[in-house]
Amino acid sequence: MVGIHTGVRSRRRASTVAVMGVATALLALAGCGGGGSSANGKYGFPEAKQEASSTITVWVDADRQAAAQAFQKANPDTKIKVVTYDGSANGSNSFRTKMQLFDRAGNGWPDVVFSSQNNDAAWASQKNGGKQAFAAVLDKGLVPKETLSNFTKGSLDPCTVDGRVYCLRNDLAQAVLWYNKPLLEQFGYALPTTWEEYQALGEKVAKEHPGYIIGTAGDAWTPEVFMWASKCQANDVTGPKSVTVKTDSTECKRAASMLDALRRNGTVPVVSVFTPEFLKKYSGKVLMMPGPAWYAGAIFRNPESLDVPAGQLGVAAPLTWKGESEAVTGNVGGGTWFISSHSKNLKAAENFVQFVTTADEYQVDAAPGYPAYAPAAEKWIAKQEASKYYATSLQPVVTAASRVWAGWGYPTFSQEAIWAKTMTPGVTGGKSIVDLLPTWRTAIENQAKVNGYVVN
Amino acid sequence: MTLAPSSDQLTVDASRGRRSRRGGGKPAGRASARSPIGYVFVSPYALLTIAFGIVPSLYAVLLAFTNADGGFAGFDNFTKVIDDFRFWPAVFHVTIYLVIWLLGLVVFVVGLALMVHAIGVRWVSTTLRFVYYLPGALAGASSILLWLFVLDPTASPVSGLLSAMGFDSFVQVIQPGNLPAIFAIIAFWTGAGGWIIIMYGALNNISTEVIEAARIDGANAVQIALRIQLPMLRKWVAYMGVMSLAAGTQLFVEPQLLSQASNAVVPNDYSLNQLAYQYAFQQNDFNGAAAISLILLVVALLLSWVFVTRGGLFEKE
């Protein structure tokens, strides 16, 4: 920086540098010190010395404060300290950032952490620079087998690395087809059952009812709704540090060309659902929209968004591609709960995580999203249907929950960020998604490599 | 982000300059060496600078030349970050931004300061200086949040202007090609006001006799500005260049917030500082992050040296 006074005598400077050198070395040593116990515990990871009555520190985002409150009410004897943080929302990476700093300091880790990012197990399950992995292994006795087996099929995939479970899923974000039932009937259209029918419907809507839309492709999760549901192998995580990236397959191309066609005719605009532009142009104009389960509350039944009145919003199961027997779908988010492998009170931490993911007091009574724990999900759906808001049964949401295609994985880097920075500006600038597929592949491969992945 | 010194600082600097001139070449530090109270005043600054400036910098040097296990790594970290596919685009982005911003800053700040200085009506001049300074009051992240609205054609108070320029959506506005100009405009808007006040102060320092003499010799306002005022402002322009360069190479808040607000359409590795942040906190590679920081430091020091020597910042008159 400018302004540093340089007229100091050289002898004094030498001694100052020496003092600083020592201070730096001490700091470095302090940074390298600490760490957990090296003994291997009964749950499959090195445990800290347990103190059964110690307070557990729980990190939650603002929405999950209700979960901590429900636990405190049901377990007044367990001492917990609740810390609110951003939940790593919007890709802030706060969770990872803070844990890496605690790793360097050798202490400070919370006992339980909620994260709104699905790919945290990819790093939390791995040793960091020789330091013990943050996440505790849950399926080696820490969480009962029966509890684990009651989670919806495939819902623990983001938590599973190399065959071991490192987190419990809070809620699911399976993609379904939301639609406006009275509007569809008024236009005289049948509900599509395949993506080909969906595209044909888009072409009809463009001609007969211009201005109406059947989806959007302007959000970072566009690949997760459309490419994932088409079994595009752009993100197939085959090992803790290996990924297969193929964007030139028929599966990728069919989804890309469908999006190109619908984007050109204006029925699937490149506009994010969370922008003022979307509300201004498309309020009352959404005929249908493939998207995650949470669109119901965040977009349709939200006075600050589309605010669709009761009795209009219908939901259909994910669409198939022609010639394929069973539909698969993508997933856009859903939170996860981690237990720290450094916790001094694993029992209380496990009690907490099991409660917030499975107990009705939170998952059915207070949780805003579709519970990952299947018995809670059934009751949650029944409660939603009882509200009489929806125009159809919500059964397709349940069907879609176990249909998330397993060929799209959860690496440490964000596919959403890659799509947003590579594809969105290109598409907005007039290029076609089909033409951009090789660019997308290169971008994913580059990102994977700098994150230490071997690309197949 | 933009570091504009206050007018108080200007006064102090100016008075220091006068004192050293009067001192007839005696070392400026002599007087303070005799009075211990000087050390008392300086010590908090010195201690904080050592704790939060020098020690972390030395720690960064240590990290840059070691690997994750603490072993000596030579220049491995530097070659690794330079080979990274994100490095050169980030260098390019920051360079383009700096060129646009620094040129804009020098031309407009000096131009506006000369203009305001030339205005004879006192209240007009005072009002204009206040208006120029006002945007700077909304500093840092909050000003960028404001700009998020200004740049979105559907919410912007200047949506007509954006539409006239062919922008109908936020994503169109924040296309990669537009970003250096956008960041330069944001930085100018928040930082230029302070500099205009400083240039105004510097213009006030030019002796009225010199201006008067030029006027008697027949120089008009433009000639006075170009031949008298501009050359005499050289040091201050260089000072502004150095300070702005240091701040500009550290471009971080604007792209980072815009990245989050645009759901990553503006990449989170747009600038070198962001890339260092990605290395440290996304890839858990503090050594790589330190290497990028050192590269930035060296480049900023070299460029500052050019400004200092060309601008004659430390020359005595």
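In the order they appear, the protein sequences are chains H and E.
For the first sequence, full-length UniProt numbering begins at 1 and goes up steadily by one.
For the second sequence, full-length UniProt numbering begins at 1 and goes up steadily by one.
For every residue, glycine included, the Cβ atom is placed at its ideal position computed from N, Cα and C.
Fair warning: this is a prediction, and the values are worked out from it, not measured in the lab.
Contact between the stretch 330-341 of chain H and the stretch 277-296 of chain H is present: three or more C-beta pairs spanning the two stretches fall below 8 Å.
Note on THR357/H: 16 or more other CB atoms within 10 angstroms of its CB, so buried under the neighbour-count rule. Taking each of PRO46/H, TYR373/H, LEU319/H in turn and checking the Cα distance to LYS140/H, the smallest one comes out for PRO46/H. Of all residues in the stretch 99-128 of chain H, only GLN100, ASN128 come within less than 7 Å of chain E when Cβ atoms are compared, listed by chain position.
One alpha carbon belongs to GLN69/H, the other to SER341/H, and they sit about 24 Å apart. In this chain, the alpha helix (DSSP H) harbouring ASN446/H covers 433-450. Residue state for LYS81/H is assigned as strand, using DSSP reduced to three classes. Around SER169/E, the beta-carbon contacts reaching into chain H at under 7 Å are VAL271, GLU277.
ARG169/H is bridged by DSSP to THR336/H. The count of Cβ pairs closer than 8 Å, one atom from the stretch 130-137 of chain E and one from the stretch 149-157 of chain E, stays below three, leaving the stretches out of contact. When the five nearest sequence neighbours on each side are left out, the beta carbons in the same chain lying within less than 8 Å of the beta carbon of ALA64/E are those of ASN77, PHE78, ASN287, ALA290, ALA291, SER293, LEU294, in order along the chain. Per DSSP, the continuous beta strand (DSSP E) segment holding MET288/H begins and ends at 288-292.
Straight-line measurement puts the Cα of VAL455/H at about 7 Å from the Cα of LYS449/H. Taking 4 residues as the minimum length, the alpha helix (DSSP H) runs contained wholly in the stretch 206-278 of chain E are 208-216, 230-249, 253-261, in order along the chain.
In this structure, the alpha-carbon of ALA247/E lies about 47 Å from that of VAL404/H. Judged by DSSP secondary structure, GLY38/E falls within the alpha helix (DSSP H) whose first and last residues are 37-49. With the criterion set as a beta carbon lying under 7 Å from some beta carbon of chain H, the members of the stretch 250-270 of chain E are GLN260, ASN263, ALA264, VAL265, PRO267, ASN268, in sequence order. For TRP178/H, there is no enclosing alpha helix (DSSP H); the enclosing beta strand (DSSP E) has its first and last residue at 175-180. Not a single CB atom of chain E sits nearer than 7 Å to the CB of ASN235/H.
Assigned with DSSP and collapsed to three states, LYS281/H falls in helix. In the DSSP annotation of this structure, VAL243/H is not part of any alpha helix (DSSP H); the continuous beta strand (DSSP E) holding it starts and ends at 242-244. Annotated three-state conformation of SER115/H is strand, per DSSP. Within the stretch 401-429 of chain H, the residues whose Cβ lies closer than 7 Å to some Cβ of chain E are GLU416, ALA417, ALA420, LYS421, THR424, PRO425, THR428, GLY429, listed in chain order. In this structure LYS241/H is in contact with TYR453/H, their Cβ atoms being roughly 5 Å apart against a cut-off of 8 Å. Taking a cut-off of 8 Å for Cβ pairs, the stretch 148-168 of chain H and the stretch 388-406 of chain H touch, as three or more such pairs fall below it. Contact between the stretch 275-284 of chain E and the stretch 220-240 of chain E is absent, with fewer than three C-beta pairs closer than 8 Å. Close CB contacts of TYR85/H within its chain, under the 6 Å cut and outside five residues either way in sequence, are with TRP59, SER94 (chain order). Within the same chain, no residue comes within 7 Å of ALA200/H by CB-CB distance, once the 5 residues on both sides are set aside. Interface criterion not met: the Cβ of THR247/H is under 7 Å from no Cβ in chain E. For the options LYS81/H, PHE352/H, LYS253/H, the alpha carbon positioned closest to that of TRP321/H is the one of LYS253/H. Shown here for GLN354/H: same chain residues with a beta carbon closer than 7 Å to its own, the five before and five after excluded, namely VAL143, THR147 in chain order. DSSP lists SER242/H as the bridge partner or partners of GLY239/H.
In chain order, THR154 make up the part of chain E whose C-beta sits under 7 Å from the C-beta of LYS280/H. Sequence-distant Cβ neighbours of TYR270/E in its own chain, meaning closer than 6 Å and more than five residues away, are HIS93, PRO255. The residue among GLN172/E, ASP217/E, ILE174/E, GLY111/E with its C-alpha nearest the C-alpha of ALA192/E is GLY111/E.
Chain-order list of chain H residues neighbouring PHE87/E: empty, with the shortest C-beta distance near 10 Å, by a criterion of under 7 Å.
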